[in-house]
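> My questions all concern the structure below.
There are 2 protein chains.
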Amino acid sequence: MTDKKPLKARYHHGDLRTSLIQTASSMLKDHGVENLSLRKLADQVGVSRTAPYHHFKDKNELLCAIAEQGFSHWKLQMEELFENPDLNEEQKLRAFIHGYITYAAQNPEMYDLMFGRTIWKQNSATDSLKDIAYPTFQFQVKMTRDWQHKGLLPARLDTLRLSQVTWGTIHGIARLLIDGIYADAGHIDEMCETALRMFVIHNQQIG
Amino acid sequence: MTDKKPLKARYHHGDLRTSLIQTASSMLKDHGVENLSLRKLADQVGVSRTAPYHHFKDKNELLCAIAEQGFSHWKLQMEELFENPDLNEEQKLRAFIHGYITYAAQNPEMYDLMFGRTIWKQNSATDSLKDIAYPTFQFQVKMTRDWQHKGLLPARLDTLRLSQVTWGTIHGIARLLIDGIYADAGHIDEMCETALRMFVIHNQQIG
DNA sequence: TCATAGATCTTGACAGCGTCAACATCTTAC
DNA sequence: GTAAGATGTTGACGCTGTCAAGATCTATGA
Chain E
2 MTDKKPLKAR YHHGDLRTSL IQTASSMLKD HGVENLSLRK LADQVGVSRT
52 APYHHFKDKN ELLCAIAEQG FSHWKLQMEE LFENPDLNEE QKLRAFIHGY
102 ITYAAQNPEM YDLMFGRTIW KQNSATDSLK DIAYPTFQFQ VKMTRDWQHK
152 GLLPARLDTL RLSQVTWGTI HGIARLLIDG IYADAGHIDE MCETALRMFV
202 IHNQQIG
Chain C
2 MTDKKPLKAR YHHGDLRTSL IQTASSMLKD HGVENLSLRK LADQVGVSRT
52 APYHHFKDKN ELLCAIAEQG FSHWKLQMEE LFENPDLNEE QKLRAFIHGY
102 ITYAAQNPEM YDLMFGRTIW KQNSATDSLK DIAYPTFQFQ VKMTRDWQHK
152 GLLPARLDTL RLSQVTWGTI HGIARLLIDG IYADAGHIDE MCETALRMFV
202 IHNQQIG
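Pasting the structure below:
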C-alpha cells in the first residue's frame with residue numbers, strides 16, 4: 002500500500018526509456034539540439050542524472066532513438082501521400098516535394114537530426130536506426146525509378162545518380178531553409194514548383 | 002635586451018588574433034568543430050586559456066572569423082574560375098558545379114561552418130562575416146541571371162527562385178556528401194554531370 | 001623623460017556538461 | 001523466499017565556455 006505513492010515518488014519510473022525519448026523529442030523541438038542535455042532531460046523527467054544510462058549507452062544512442070521515432074513518423078506521412086488514390090503521378094511528385102520540404106520546415110531540429118551530420122558524419126548511427134533509415138534512403142531511389150518508368154523523370158539518366166541529384170535538390174532547399182541561410186519560409190511553394198519544373202520538363206522533351 | 006627572449010616566452014604574443022585564426026582553422030580541418038575548444042586552441046598557440054577573449058568576444062566570434070577566411074579563399078577560387086577565358090559558358094557552369102562540390106568535399110568542416118547552421122541558424126553571424134557572406138550568396142543569383150540571359154538556364158523561370166533551386170541542388174549534394182549520408186565521394190563527377198543535365202536541358206527546349 | 005592610460009595576457013573561479021564507479025532499491029524467476 | 005538482475009541514486013572526474021581581478025607590457029602626451 003505504502004509503496005503505491007504518487008507516481009513521481011516511486012523508485013522505479015515504470016517506462017523511463019519511452020519517457021526519455023518523448024521528453025527529449027519535445028525539448029529538442031522547443032530548444033534545439035544544442036540545448037538538449039542529458040542532465041536537463043533527466044531533471045525534467047524527474048529522475049537522477051545517470052538514470053538514462055541504464056537505457057542508453059550514451060547521448061548518441063539517445064539521439065539515434067529520437068531520430069528513429071522521427072523516421073517512423075516521416076515514413077507514415079510519406080506513405081499516406083503515396084497511397085492517396087486521388088492524385089496522379091505528377092501530383093504525387095509535387096506533393097512529395099512539397100511534403101518533404103514542409104516537414105523539414107516544420108520540424109527543423111528533428112530533420113537535422115535525421116538527415117544531418119550529428120549522427121551520420123562519424124558513422125555513429127545505431128544498427129537500430131540504420132534499419133529504419135537506410136530503407137528510407139533507398140525509398141528515394143525506388144521512387145525515382147518509378148517516376149522514370151512512368152515518364153515523369155528522364156529515363157536515360159542513371160537512376161542512382163538521378164535520385165541523388167533530385168534528393169540533393171529538395172534536401173538542399175530544406176537545409177537552406179532550416180539553417181537560416183534562406184530564412185524566408187514564405188516562398189516554399191514557389192521554390193517547390195520551380196524544382197518540380199526543373200525535374201519534370203525533361204519528360205516533355207523525351208516523352 | 003633581456004625582454005627579447007625567444008618568441009614563445011614573451012608576455013605579449015605579437016599577433017595573437019591572426020595566430021588564433023590560423024591555428025583554429027587548422028584544428029578545425031583536422032579534428033572537426035566538435036573537437037575545437039578555445040582551451041585547446043589557446044594551449045596550442047602557447048597562451049593562457051582566456052587570452053583569446055581579448056580578441057574575440059566569445060567562441061562564436063572566433064568561428065565567424067574563421068568562416069570569413071573561408072569565404073575569402075572560396076571567393077578567390079570561384080573568381081579564378083569565372084575569369085578563365087578558355088572556357089565557354091556551359092563549361093563554366095560545369096566547372097562551377099564541380100568546383101563547388103569539390104571544395105565542399107575537400108574542406109568539409111570549413112564548408113559546414115560557412116554554409117551550416119552553427120553560425121546562421123540563430124542569426125549569430127558577425128557583421129563582418131555578413132559583409133563577405135551576403136555578397137557571396139547574391140553572387141549565386143547574379144550568375145543565375147547571367148546564365149539565363151545567355152540561354153543556358155531557362156529564362157522563363159523567376160531568377161531568384163531558380164537560383165535558390167540550383168544552389169539548393171549543389172548545396173544539397175555537397176551536404177549529402179560531407180555529412181556522410183552519401184559517403185561515396187567517388188561519384189562526384191557523375192553527380193555533377195547529372196545535375197548539369199538537369200539544369201541545362203531546359204535550354205535546348207526553349208532556346 | 002616619464003607617468004599613466006589602455007591593450008594585452010595571467011590566474012582563479014564558477015556552473016554546466018557527459019560519463020564512470022560504487023552503492024541502493026525494486027522486480028522477477030527459480 | 002531468496003538470489004540475480006534490472007533499474008535508480010550519489011559522488012567524482014575532467015572537460016568546456018566564460019567572467020572577474022590582477023599582472024605586465026606598449027604607447028601617448030605632458
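Order-wise, the sequence lines are chains E and C. Anchor point for the first sequence: position 14 equals 15 in our numbering, and the numbering is continuous, going up by one each time. Anchor point for the second sequence: position 84 equals 85 in our numbering, and the numbering is continuous, going up by one each time. No residue lacks a Cβ here, since even glycine has one placed at the ideal position from N, Cα and C. Keep in mind it's a predicted model, so treat the numbers as computed, not measured.
Taking Cβ positions only, does residue 130(E) come closer than 8 Å to chain C?
Against the first sequence, residue 130(E) aligns to sequence position 129. Taking Cβ atoms only, chain C never reaches closer than 8 Å to residue 130(E), which makes this a no.
> Can you pull the chain E residues whose beta carbon is under 9 Å from the beta carbon of residue 116(C), in chain order?
The residue you call residue 116(C) lines up with position 115 of the second sequence. Chain E residues near residue 116(C): 176, 177, 180, 182.
> Identify whether residue 175(E) lies in helix, strand or coil by the three-state DSSP scheme.
Within the first sequence, the letter at position 174 stands for residue 175(E). Here residue 175(E) sits in helix by DSSP.
> Helix, strand or coil for residue 5(E)? Go by DSSP, reduced to three states.
Counting from one through the first sequence, the residue named residue 5(E) turns up at place 4. Residue placement at residue 5(E) is flagged as unreliable, the pLDDT there being 33, under the threshold of 50; the coordinate-derived value follows with that caveat. Here residue 5(E) sits in coil by DSSP.
> Restricting to Cα atoms, I'd like to know which of 192(C), 93(C), 178(C) is closest to residue 122(E).
Within the first sequence, the letter at position 121 stands for residue 122(E). That would be 178(C), whose Cα lies nearest to the Cα of residue 122(E).
> Suppose you measure from the CA of residue 192(C) to the CA of residue 166(C); what does that come to, to the nearest Å?
The sequence position of residue 192(C) within the second sequence is 191, counting from 1. The sequence position of residue 166(C) within the second sequence is 165, counting from 1. When rounded, the distance between both Cα atoms is 16 Å.
> Helix, strand or coil for residue 192(E)? Go by DSSP, reduced to three states.
Walking along the first sequence from the start, residue 192(E) turns up at place 191. Residue 192(E): helix per DSSP, three-state reduction.
> Check the C-beta distance from residue 175(E) over to residue 101(E) and give it rounded, since I have them as a contact under 8 Å.
Looking up residue 175(E) in the first sequence gives position 174. Looking up residue 101(E) in the first sequence gives position 100. So it is a contact: roughly 7 Å between Cβ atoms.
> With a threshold of 16 other CB atoms inside 10 Å of the CB of residue 113(C), please say whether the residue is buried or exposed.
By 1-based counting over the second sequence, the position of residue 113(C) is 112. Buried, since its Cβ has 16 or more Cβ neighbours within 10 Å.
> For residue 207(E), does the count of other Cβ atoms within 10 angstroms reach 16, so buried, or fall short, so exposed?
On the first sequence, residue 207(E) is found 206 positions in, with the first residue counted as 1. Bear in mind that the predicted position of residue 207(E) carries a pLDDT of just 40, short of 50, making it too unreliable to give a figure here.
> Taking the alpha carbon of residue 45(C) as the point to measure from, which residue in 60(C), 27(C), 59(C) has its own alpha carbon closest?
Within the second sequence, numbered from 1, the residue matching residue 45(C) stands at position 44. Ranking the options by Cα distance to residue 45(C), first place goes to 27(C).
> Helix, strand or coil, according to DSSP, for residue 44(C) in the structure here?
Within the second sequence, numbered from 1, the residue matching residue 44(C) stands at position 43. Residue 44(C) falls in the helix class under three-state DSSP.
> So that I know if they touch, is there some Cβ in chain E lying closer than 8 Å to that of residue 191(C)?
As a position in the second sequence, residue 191(C) is number 190, starting the count at 1. So yes, residue 191(C) belongs to the interface.
> In chain order, what residues of the same chain have a beta carbon less than 6 Å from the beta carbon of residue 147(E), not counting five sequence neighbours either side?
In the first sequence, the residue the question calls residue 147(E) occupies position 146. For residue 147(E), where only same-chain residues beyond five positions count, there are no Cβ hits under 6 Å.
> Chain C partners of residue 122(E), CB-CB under 7 Å?
Stepping through the first sequence from its first residue, residue 122(E) is reached at position 121. The answer, in chain order, is 180, 181.
> Check the Cβ of residue 196(E) against every Cβ in chain C and list those closer than 7 Å, keeping chain order.
What you label residue 196(E) is simply residue 195 of the first sequence in a count that begins at 1. Residues of chain C passing the Cβ test: 166.
> Count the other C-beta atoms from every protein chain shown that fall within 10 angstroms of the C-beta of residue 157(C), then say buried if there are 16 or more, exposed otherwise.
What you label residue 157(C) is simply residue 156 of the second sequence in a count that begins at 1. Exposed.
> Measuring straight from C-alpha to C-alpha, what distance separates residue 127(E) and residue 137(E)?
Residue numbering aside, residue 127(E) sits at position 126 when the first sequence is read from its first letter. Residue numbering aside, residue 137(E) sits at position 136 when the first sequence is read from its first letter. For the pair residue 127(E) and residue 137(E), the Cα-to-Cα distance works out to about 15 Å.
> What alpha helix (DSSP H) runs, 4 residues minimum, are completely inside the region 77-143 of chain E?
Whole alpha helix (DSSP H) segments, 4+ residues: 90-107, 109-116, 118-121.
> Work out the CA separation of residue 200(E) and residue 155(E) for me, nearest whole Å.
One-based indexing of the first sequence puts residue 155(E) at position 154. One-based indexing of the first sequence puts residue 200(E) at position 199. Their backbone Cα atoms lie some 8 Å apart in a straight line.
> Could you work out which residues of chain E lie near residue 19(C), taking near to mean beta carbons separated by less than 7 Å?
Locating residue 19(C) in the second sequence gives position 18, where the first residue counts as 1. Going along chain E, no residue has its Cβ under 7 Å from residue 19(C), so there is no contact; the nearest lies around 28 Å.
> Sort 163(C), 103(C), 69(C), 91(C) by Cα distance to residue 188(C) and report the nearest one.
Indexing the second sequence from 1 puts residue 188(C) at position 187. It is 103(C).
> Can you tell me whether residue 51(C) is buried or exposed, with buried defined as 16 or more other CB within 10 angstroms of its CB?
Here residue 51(C) corresponds to residue number 50 of the second sequence, with the count starting at 1. Burial call: exposed.
> Assuming residue 133(E) contacts residue 69(E) (C-beta within less than 8 Å), just tell me the rounded distance between them.
The sequence position of residue 133(E) within the first sequence is 132, counting from 1. The sequence position of residue 69(E) within the first sequence is 68, counting from 1. The pair is a contact, with the Cβ atoms about 6 Å apart (cut-off 8 Å).
> Under a three-way DSSP split, which group does residue 16(E) fall into?
On the first sequence, position 15 is the one that residue 16(E) refers to. Coil.
> Got a sec? Which residues, its chain only, sit under 8 Å from residue 36(C) by beta carbon, not counting five neighbours each side?
Locating residue 36(C) in the second sequence gives position 35, counting from the first residue. Excluding residues up to 5 positions away in sequence, 28 lie with their Cβ nearer than 8 Å to the Cβ of residue 36(C) in the same chain.
> Find the nearest neighbour of residue 64(E) within the set 141(E), 190(E), 130(E), judged by alpha-carbon distance.
As a first step, residue 64(E) must be located in the first sequence, where it is residue number 63. The shortest C-alpha separation from residue 64(E) is found at 130(E).
> Taking the straight line between their C-alpha atoms, what separation do you get for residue 170(C) and residue 91(C)?
Residue 170(C) sits at position 169 when you count from the first residue of the second sequence. Residue 91(C) sits at position 90 when you count from the first residue of the second sequence. Between the C-alpha atoms of residue 170(C) and residue 91(C) there is a straight-line separation of about 17 Å.
> Buried or exposed: which applies to residue 183(E), given that a residue is buried once 16 or more other Cβ atoms fall within 10 Å of its Cβ?
By 1-based counting over the first sequence, the position of residue 183(E) is 182. The residue is buried, with at least 16 neighbouring Cβ atoms inside 10 Å.
> Does any C-beta atom of chain E lie closer than 8 Å to the C-beta of residue 162(C)?
Translated into positions along the second sequence, residue 162(C) becomes position 161. Yes, residue 162(C) counts as interfacial toward chain E.
> Shortest alpha-carbon distance to residue 141(C) belongs to which of 181(C), 153(C), 105(C), 97(C)?
Taking the first residue of the second sequence as position 1, residue 141(C) is located at position 140. Here the closest residue by C-alpha is 97(C).
> Which bits of chain C does residue 113(E) rub up against, with CB to CB less than 8 Å?
Numbered from 1 along the first sequence, position 112 holds the residue referred to as residue 113(E). Chain C residues near residue 113(E): 118.
> At least one CB of chain E closer than 8 Å to the CB of residue 37(C): is that the case?
For this step, residue 37(C) is matched to residue 36 along the second sequence. Judged by the 8 Å Cβ criterion, residue 37(C) is not in contact with chain E.
> Residues of the region 32-62 of chain E with a CB closer than 7 Å to any CB of chain C: list them in chain order, please.
none
> Residue 173(C) and residue 173(E): beta carbons closer than 8 Å?
In the second sequence, the residue the question calls residue 173(C) occupies position 172. In the first sequence, the residue the question calls residue 173(E) occupies position 172. A contact, by the Cβ cut-off of 8 Å.
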